[in-house]
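First comes the structure, then the notes that go with it.
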Amino acid sequence: MAMNFVTFNQDYSHLAVGTSRGFRIFTTDPFAKCYESKEAGNIAILEMLFSTSLVALILSPRRLQIKNTKASLCFMFIIFMILTASCSAICALSPSSDNCYLAYPLPQKAAGSSSAPPSHAPPNTTHVPPTSGEVLVFDAIKLEAVNVVEAHRSPLSCVTFNNEGTMLATASDKGTIIRVFSVPDAHKLYQFRRGSMPARIYSMAFNITSTLLCVSSATETVHIFKLGPQAGQTGGEGEEAVSPTKSNTAFTRRLSLGSDSAYDAAADDEDGAESPTALTSRKPNGTLMGLLRRTSQHVGINLASTVGGYLPKGVAEMWEPSRDFAWIRLPKSSSGASLSQLRSVVAMSPSSPQVMVVTSEGNFYVFSIDLAKGGEGTLIKQYSVLESNDQMGASGVDY
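Below, the structure is given as structure tokens:
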């Protein structure tokens, strides 16, 4: 049995898993299976409506169902055809009823063809995969586009809203830069650097209070970035944020009220340096490539700290990208697969300083982080969301 899809509900209190036979729903704290359907079919996508019994299911191929798990009733059954497909399926819906927005890559129309297709041929798509990182923000209540966010130069890999629908986090397919914009006015609020090497971003999630942003990628590290007053202070309208310290050893987060394509392009292409905390806390890599990377990172830190003090604030942003406040490392795969082959979905606990991670191998991890000091998180719980010998392997392991 294959695991096809994993998702958290809007307040991260429940976890849903779609498989080739059906789906299961778990509570996250305490971890326990609260519902299972073994005859729903091959589930491609499923979404929950907060903690209610309503679940939206997409079965392969192209069948939509709205199901009540308490009454085992199916309210809606639709077979649909997608004319303009998003190959990467990148999209985010705000969970707020007041700020209900939909975000997805700005569609780009395909070049017209001089020859007309045969009358019996199916309709062709009128759009092509995006080549830029622009995001279209669509008002799901008024059914109209409200803004276009110029987020990245390269195509998008992940977008997500915060709980209030007032912030939008974006990542490109390079995965080195994470940006946060205000919604719906599309002002750039924060800019973070995940790392110096490109990696696919699989999942991003704000915490309930929108003070932390958690990011997972095709690496063993999950990054937690800090948002808030310590990340920069905004002045009057149109003013740029001022760094709270000029220390050469503290790379503080900067806040800007607009996205400048020249600076953003440089930031996207820049080989960022590890933060001083990360350099002293993370285990060194003994390979030649690791030695070269550590050397270049130290040079980058010294160069940024020296030159950054003489540059205007807007230019200094690309020299002093914000690094992670905390991070966690996923345990090694028991199946022998490399961590770069694992996909993961992340969420922040609504009631405690904990990060929840579900991997494509079916492991559910809970890590504790220090909100005061940051640094590396600690694995405190581990569960399985997959079956073993046709029985649910829901026994937990506490560390």
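In full-length UniProt numbering, the protein residues as written are 1 to 399. For each residue, glycine too, the CB sits at the ideal point set by N, CA and C.
Using a Cβ distance threshold of 8 Å, Phe23 and Ile43 count as a contacting pair. When the Cα atoms are used, Gln341 and Ala218 turn out to be separated by approximately 7 Å.
Gly165 and Arg21 have their C-alpha atoms roughly 34 Å apart. By the CB criterion at 8 Å, Pro155 and Ser132 fall inside the cutoff. Tyr190 has its alpha-carbon roughly 24 Å from the corresponding atom of Val357. A direct Cα-Cα distance of roughly 6 Å separates His14 from Phe8. Pairing Phe364 with Ser384 gives a Cβ-Cβ distance under 8 Å. Taking C-beta atoms under 8 Å as the contact rule, Ala169 and Met197 fail to qualify, at a distance of about 20 Å.
Excluding five sequence positions before and after Thr359, the CB atoms of its chain that fall closer than 6 Å to its own CB belong to Leu342, Ser344, given in chain order.
Arg323 is positioned such that its CB atom lies no closer than 8 Å to that of Glu220.
DSSP places Gln341 in the helix class (H, G or I) of the three-state scheme.
Rounded to the nearest whole angstrom, the CA to CA distance from Ile66 to Tyr35 is 16 Å. The criterion of a C-beta distance shorter than 8 Å is not satisfied by Ile224 and Asn163. Measuring C-alpha to C-alpha distances from Leu59 to each of Glu47, Leu136, Lys70 identifies Glu47 as the nearest. Secondary structure at His152: strand, using DSSP grouped into helix, strand and coil.
By alpha-carbon distance to Lys188, the top candidate from Ala151, Ala199, Tyr202 is Ala151.
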